[in-house]
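K.L.:
Protein chains in written order, with full-length UniProt numbering: chain D, 1 to 300; chain B, 1 to 300. Beta carbons are placed, not taken as given, at the ideal position from N, Cα and C, and that holds for glycine. Fair warning: this is a prediction, and the values are worked out from it, not measured in the lab.
Protein chains: 2
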Amino acid sequence: MARSDTRYREAYNRILAYCETLPPKAPIPSETSLAEIAGVSRTVIRRCLARMEELGLISWQGRDKHLLRAPLAEDRIAVPETPSDKNDLEQRFLDWVLRFDVPANTPLSVAELSRTFGVAQHDLKEFLAGLSRFGLVSRRPQGGWMLLGFTKDFAIELSDFRSVLELNAVTQVAEVPVDHPVWAALAQLRQDHLALKNAIDTDFHEFSKLDERFHLAINSVVRNRFIAEFQKVISLIFHYHYMWDKTEEKDRNAAAIDEHIAIIDALEARDAEAARLAAQRHLRTSKTTLLSSLRHHDLG
Amino acid sequence: MARSDTRYREAYNRILAYCETLPPKAPIPSETSLAEIAGVSRTVIRRCLARMEELGLISWQGRDKHLLRAPLAEDRIAVPETPSDKNDLEQRFLDWVLRFDVPANTPLSVAELSRTFGVAQHDLKEFLAGLSRFGLVSRRPQGGWMLLGFTKDFAIELSDFRSVLELNAVTQVAEVPVDHPVWAALAQLRQDHLALKNAIDTDFHEFSKLDERFHLAINSVVRNRFIAEFQKVISLIFHYHYMWDKTEEKDRNAAAIDEHIAIIDALEARDAEAARLAAQRHLRTSKTTLLSSLRHHDLG
DNA sequence: TTTATGTATTAAATAATTAAATGCAAGACT
DNA sequence: AGTCTTGCATTTAATTATTTAATACATAAA
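1) Consult DSSP for D:Arg139 and reduce its assignment to one of helix, strand or coil.
2) Taking Cβ to Cβ, would you say B:Ser132 is nearer than 7 Å to B:Gln121?
3) Ends of the alpha helix (DSSP H) at D:Asp258?
4) Do D:Leu189 and D:Phe214 have their beta-carbon atoms positioned less than 7 Å apart in this structure?
5) If I follow the unbroken beta strand (DSSP E) through D:Lys86, where does it start and stop?
6) Could you name the residues of chain B that D:Lys125 contacts, counting a contact when the two beta carbons are closer than 9 Å?
7) Which word fits D:Pro71, buried or exposed, when buried means at least 16 other C-beta atoms lie within 10 angstroms of its C-beta?
8) Answer with buried or exposed for D:Val178, where buried requires no fewer than 16 other C-beta atoms within 10 angstroms of its C-beta.
9) Starting from B:Thr106, follow the alpha helix (DSSP H) in both directions and report where the run begins and ends.
10) So within the segment 24-65 of chain B, which uninterrupted beta strand (DSSP E) runs reach at least 3 residues, ignoring any that extend past its ends?
11) For the alpha helix (DSSP H) that contains B:Leu216, what are its first and last residues?
12) By alpha-carbon positions, which one of B:Lys25, B:Glu31, B:Arg46 ends up nearest to B:Arg9?
13) How would you call B:Thr116, buried or exposed, if buried means at least 16 neighbouring beta carbons within 10 angstroms?
14) Please identify the residue among D:Leu158, D:Phe161, D:Asn224 whose C-alpha is closest to the C-alpha of B:Glu157.
15) Locate the beta strand (DSSP E) running through D:Leu147, then write down its first and last residues.
16) Does the CB of D:Arg276 have a neighbour CB from chain B at under 7 Å?
17) Kindly list the residues whose CB is nearer than 7 Å to the CB of B:Pro107, restricted to its own chain and excluding five residues on each side of it in sequence; keep chain order.
18) Compute the Euclidean distance between the alpha carbons of B:Phe150 and D:Arg69, then round it to the nearest angstrom.
19) If we define contact as Cβ-Cβ less than 7 Å, is D:Leu299 a contact residue for chain B?
20) First and last residue of the alpha helix (DSSP H) that includes B:Ala174?
21) For a cutoff of 7 Å on Cβ pairs, would you count B:Phe161 as touching chain D?
22) Just to confirm, is the Cβ distance from D:Ala26 to D:Leu67 under 7 Å?
23) Within the 7 Å Cβ cut-off, does D:Gly135 reach chain B?
24) Per DSSP, what kind of secondary structure is D:Leu72 in: helix, strand or coil?
25) May I ask you to report which of helix, strand or coil DSSP gives B:Leu22?
26) Measuring CB to CB, does residue 318 of chain B end up less than 7 Å from B:Val170?
27) Applying the criterion that 16 or more other CB atoms from any shown protein chain within 10 Å of the CB defines a buried residue, is D:Thr289 buried or exposed?
28) I'd like the list of long-range same chain contacts for residue 304 of chain D, defined as Cβ closer than 6 Å, with 5 residues on each side in sequence excluded.
29) What residue range is occupied by the uninterrupted alpha helix (DSSP H) comprising B:Asn198?
30) In the DSSP output, which residue or residues are listed as bridge partners for B:Leu67?
31) Our contact map puts B:Leu283 next to B:Ser163 with C-beta atoms below 8 Å; I'd like the distance itself, whole angstroms only.
32) Please classify B:Gly56 as buried or exposed, where buried requires at least 16 neighbouring CB atoms within 10 angstroms.
33) Do we get a CB-CB distance below 7 Å when we pair B:Arg213 with the residues of chain D?
34) Provide the residue span of the alpha helix (DSSP H) that contains D:Gly118, from first to last.
35) How close, in whole Å, do the beta carbons of D:Phe226 and B:Gly118 come, if the pair is a contact with beta carbons under 8 Å?
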């Protein structure tokens, strides 16, 4: 019960490592500077110093602190390893939802999710609270959460929103100076598209990666924290759905390659209007594909 | 320590109210149906029944439950009133940030916020986690949260994002059928704008409300959960900043009225391109105003 | 066979608890 | 004097423990 002392333990080892760089019998800097070195508060530093004194590593009386002997490997303190990264929780969660085809309106148990993802319950709750801002999950009246996503309405609204963002991005690309890295990226993408088009009969499943690269390049010109946040989620969802809808995959991908090239053509000609139209055409296809992949799933 | 029994207390009173509708000595329905009536689980219902039996309100043996006497006012159980609504927390929080001009990079104390807003700490944490999705707040390495918002970059990106959403909305309005309620709303708005323009010398501060109504009407045609979520935050921020930047308020508002009317003109002529251009002009003005309001704050 | 109840298990909300951060005053050193 | 350092006290935050509530399943009654 009560919070862990991981912060202290990590700080302790960090301070120990710092002391190894000091000459023998060197004076030890002030608590404040040690706190800065370890990136923690003075409270934690004092705990560290207390332990170091106890172990006979240092002498400590008031502001007189001296190193008595060089720290050894066995002086280090054990840190409870974090069971699982908490940063890529979003990636892993969406992956889980899509990979296992978790249907819409599924109740989500925080306790269970906490186990499967190896993340503390309240961290998960915070995460879900964040997702609820995207309308992906919501609180249930009787407590807990529920997955809302991946109904038809959701897919339509997601596609529409994606279109709005992406058309904006395309328009901006057309107005960007020639020395912007996006032009090099697009030139490379054109070659890779043409190469894949030639080998489409065998390598058509390679398109998914290419698609992601293409849209990432287009959106890279937009520097906007709000849009960036959404793009992460959007691209993940589209990516997976494309991968799993296997109906007419080869034909779909071949068509998409042409659509991508049409966009690149228009952009390199700096024809913003043509690029918008080409992008619109492509996004309409994407929307249809996403919707049909849902329909296939509904039917079994 | 441990969760409150508010759910039980509310259910109890609800069941009592239901029993008042029953005739004397009536049999009481099954636990499952009572659970449905009160909107809680059977566990809670059984607690309710136990208390009702204890008070002599009902007899209860196995599945034989009968009303013994009509419930009285004093049979009701006290429910701890929720100190403060938790739903409008967003409104109140943003209001607080903007009204007190909380500067960017201010550490936010969950404990303190919890007191000022009368909301439990973990509810606040969930709320902040949600806001972090909008890039308004973020976690601090040493724990807690910090307000990021309302730097120049933030304002620029917010304005740009707003423009993207709003230009999309304007385009959609132009394509909406004649019987859509937006047309009636716009007709009314045109009149109100003209009326305010005539009385601009005295009533210019009335514009803020009109502005909000105008943008709400435009955006009402877009049915999209993602966009709707953002619009709430965006409109609130712009609304407050407009209200507080008092420099040349009268002139600004007069100009904005003309810009609004220009948009309405183009829309009623179903000229999507002209409407986009008019909206673009207006949004550019808005952005400038928002930025200058920040600049004024920085200097004083 | 259906429906209701009894019982057990699991999950969720929330306060208690400890770790850590912060604030302030007094003292030491330059 | 003035700055830096420490000692001490207070406040805050993370995390567990605990209670309430929901759910699952078995059993019994209709």
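P.N.:
Checking against the coordinates, here is how it stands:
1) To locate residue 139 of chain D, count along the first sequence from 1; it is residue 139. Note: D:Arg139 maps to strand in three-state DSSP.
2) Here residue 132 of chain B refers to the residue found at position 132 when the second sequence is read from its first residue. Here residue 121 of chain B refers to the residue found at position 121 when the second sequence is read from its first residue. No; because the gap between Cβ atoms is not below 7 Å, this pair is not in contact.
3) Here residue 258 of chain D refers to the residue found at position 258 when the first sequence is read from its first residue. First-last of the alpha helix (DSSP H) with D:Asp258: 249-268.
4) Reading the first sequence from its first residue, position 214 is the one you call residue 214 of chain D. Reading the first sequence from its first residue, position 189 is the one you call residue 189 of chain D. Yes, they are a contact pair.
5) Taking the first sequence and counting its residues from 1, one reaches residue 86 of chain D at position 86. Counting along the chain, D:Lys86 falls outside any beta strand (DSSP E), and DSSP gives it neither H nor E.
6) The residue given as residue 125 of chain D occupies position 125 in the first sequence. In chain order: His122, Lys125, Glu126, Ala129.
7) Position 71 of the first sequence, counted from the first residue, corresponds to residue 71 of chain D. Classification for D:Pro71: buried.
8) Start at 1 with the first residue of the first sequence, and residue 178 of chain D comes out as number 178. With fewer than 16 other beta carbons inside 10 angstroms of its own, D:Val178 counts as exposed.
9) Taking the second sequence and counting its residues from 1, the one referred to as residue 106 of chain B is at position 106. Where B:Thr106 is concerned, there is no enclosing alpha helix (DSSP H), although the beta strand (DSSP E) it sits in stretches over 106-108.
10) 58-61
11) For the purposes of this step, residue 216 of chain B is identified with residue 216 of the second sequence, where counting begins at 1. Element bounds for B:Leu216: 207-219.
12) Counted from its first residue, the second sequence places residue 9 of chain B at position 9. Per the Cα distances, B:Arg46.
13) Taking the first residue of the second sequence as 1, we reach residue 116 of chain B at position 116. By the neighbour-count rule (16 or more Cβ atoms within 10 Å), B:Thr116 is not buried but exposed.
14) Position 157 of the second sequence holds residue 157 of chain B. Closest by alpha carbon: D:Asn224.
15) Numbered from 1 along the first sequence, position 147 holds the residue referred to as residue 147 of chain D. Per DSSP, D:Leu147 belongs to the beta strand (DSSP E) from 145-147.
16) Here the question's residue 276 of chain D lines up with position 276 in the first sequence. Against chain B, the CB of D:Arg276 has no partner CB under 7 Å away; the residue lies outside that interface.
17) In the second sequence, the residue the question calls residue 107 of chain B occupies position 107. Excluding positions up to five away in sequence, the list reads Arg140, Gly144, Met146.
18) Reading the second sequence from its first residue, position 150 is the one you call residue 150 of chain B. Reading the first sequence from its first residue, position 69 is the one you call residue 69 of chain D. Cα-Cα distance, rounded: 51 Å.
19) Position 299 of the first sequence, counted from the first residue, corresponds to residue 299 of chain D. Bear in mind that a pLDDT of 43 at D:Leu299, under 50, signals an unreliable position, so the number given afterwards is only what the model happens to contain. Not one chain B Cβ lies under 7 Å of D:Leu299.
20) Along the second sequence, one-based indexing puts residue 174 of chain B at 174. 152-174 is the span of the alpha helix (DSSP H), which, as asked, contains B:Ala174.
21) In the second sequence, residue 161 of chain B corresponds to position 161, counting from 1. Yes - at least one Cβ of chain D is within 7 Å of the one on B:Phe161.
22) Along the first sequence, read from residue 1 onward, the residue named residue 26 of chain D stands at position 26. Along the first sequence, read from residue 1 onward, the residue named residue 67 of chain D stands at position 67. Yes, they are a contact pair.
23) Taking the first sequence and counting its residues from 1, one reaches residue 135 of chain D at position 135. It does; some Cβ of chain B falls within 7 Å.
24) If you number the first sequence from 1, residue 72 of chain D lands on position 72. D:Leu72: coil per DSSP, three-state reduction.
25) In the second sequence, the residue the question calls residue 22 of chain B occupies position 22. Looking at B:Leu22 - three-state DSSP - the assignment turns out to be coil, as it is neither helix nor strand.
26) Here chain B covers residues 1 to 300 and nothing more, so residue 318 of chain B does not appear.
27) The sequence position of residue 289 of chain D within the first sequence is 289, counting from 1. Flag for D:Thr289 reads buried.
28) The shown model of chain D, from 1 to 300, leaves out residue 304 of chain D, and the question about it has no answer.
29) As a position in the second sequence, residue 198 of chain B is number 198, starting the count at 1. Run containing B:Asn198: 181-198, per the alpha helix (DSSP H) assignment.
30) Here residue 67 of chain B is taken as the residue at index 67 of the second sequence, counted from 1. DSSP lists B:Ile58 as partners of B:Leu67.
31) Here residue 283 of chain B refers to the residue found at position 283 when the second sequence is read from its first residue. Here residue 163 of chain B refers to the residue found at position 163 when the second sequence is read from its first residue. B:Leu283 to B:Ser163, Cβ: 4 Å. Contact.
32) On the second sequence, position 56 is the one that residue 56 of chain B refers to. Exposed, by the Cβ-count rule.
33) By one-based count along the second sequence, residue 213 of chain B stands at place 213. Using a Cβ-Cβ cut-off of 7 Å, B:Arg213 does not count as an interface residue toward chain D, since no Cβ of chain D sits closer than that to its own.
34) Taking the first sequence and counting its residues from 1, the one referred to as residue 118 of chain D is at position 118. It is not in any alpha helix (DSSP H) - D:Gly118 carries neither H nor E in the DSSP assignment.
35) Sequence index remark: in the first sequence, residue 226 of chain D carries index 226 (1-based). Sequence index remark: in the second sequence, residue 118 of chain B carries index 118 (1-based). Between B:Gly118 and D:Phe226 the Cβ distance is about 30 Å, and since that is not below 8 Å, they are no contact.
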